[in-house]
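By full-length UniProt numbering, the letter at position 83 of the sequence shown is numbered 83, and the numbering carries on one by one without gaps.
The beta-carbon is built from N, C-alpha and C at its ideal position, and this holds for glycine as well.
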Amino acid sequence: MDNVWVEALETTAQVRARMSLQKSRNTQVELALRRALHAAGLRFRVHRRPVKGVRREADIVFGPARVAVFVDGCFWHGCPEHGTWPRRNADFWRTKIEGNRVRDADTDERLGQAGWLAVRVWEHESPWEAAERVRAVVEERRRRR
């Protein structure tokens, strides 16, 4: 997949400061999911590239089962339930969010070709329900190996 480049946007110092505070790893949602997975007895690695040569990092990785979990933010990944389309700098944000969605689909495809399963968890999901879904997938893949 080619990188999607977008023009820098016109913005204010306040907006830049607020956006710079957005965490990309170890978010509250991600930490809650990891706690729930750990409580379910699962052990995993965090922030790893599941497949060598594929420059995509998963939030949670179950190596032997070949399961990569991605915790997707509703805004950044265009959640069909909670995603919003900003009115200010609308073209920039539409390009950015749609580019993220294309990259997510490409990541899932590349991992699948390498024998991995990508599991996507939306930030609005209950961490306990998401952990149960992930646990079921990991255990099923472990049984098949």
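C-beta atoms of residue i and residue j nearer than 8 Å
i           : j      : result
Val61       : Leu111 : no
Arg34       : Val46  : yes
Asp72       : Arg25  : no
Ala118      : Thr107 : yes
residue 159 : His77  : Because the chain spans 1 through 145 in this model, residue 159 falls outside it and cannot be assessed.
Ala145      : Pro64  : The residue you asked about is not Ala; residue 145 is Arg in the sequence shown. Yes, Cβ-Cβ distance for Arg145 and Pro64 is below 8 Å.
Glu57       : Arg48  : yes
Arg135      : Ala39  : no
Span of the alpha helix (DSSP H) around residue i
i      : result
Val102 : Ala90 to Gln113
Ala40  : It is not in any alpha helix (DSSP H) - Ala40 carries neither H nor E in the DSSP assignment.
Residue i - containing beta strand (DSSP E), residue span
i      : result
Trp122 : Leu117 to Trp122
Arg141 : No beta strand (DSSP E) holds Arg141; the alpha helix (DSSP H) holding it covers Pro127 to Arg144.
Val46  : Arg45 to Arg48
Candidates the options: closest to residue i by CA position
i     : options                           : result
Val69 : Val102, Arg145 and Leu42          : Leu42
Phe75 : Leu117, Ala39, His47 and Arg94    : Arg94
Phe36 : Arg143, Thr27, Ala136 and Ala130  : What sits at residue 36 in the sequence shown is Ala, not Phe. Measuring from the Cα of Ala36, the nearest candidate turns out to be Ala130.
Cys79 : Pro86, His124, Asp106 and Arg55   : His124
Ala32 : Arg143, Arg144, Arg133 and Pro127 : Pro127
Heavy atom of the ligand MG within 7 Å of residue i beta-carbon
i     : result
Phe44 : This structure lacks the ligand MG; in fact it carries no ligand of any kind.
Bridge partners - residue i, DSSP secondary structure assignment
i     : result
Ala58 : Arg48
**Request:** Pick out the complete alpha helix (DSSP H) segments inside the segment 60-88, 4 residues or longer, and give them in chain order.
**Result:** none
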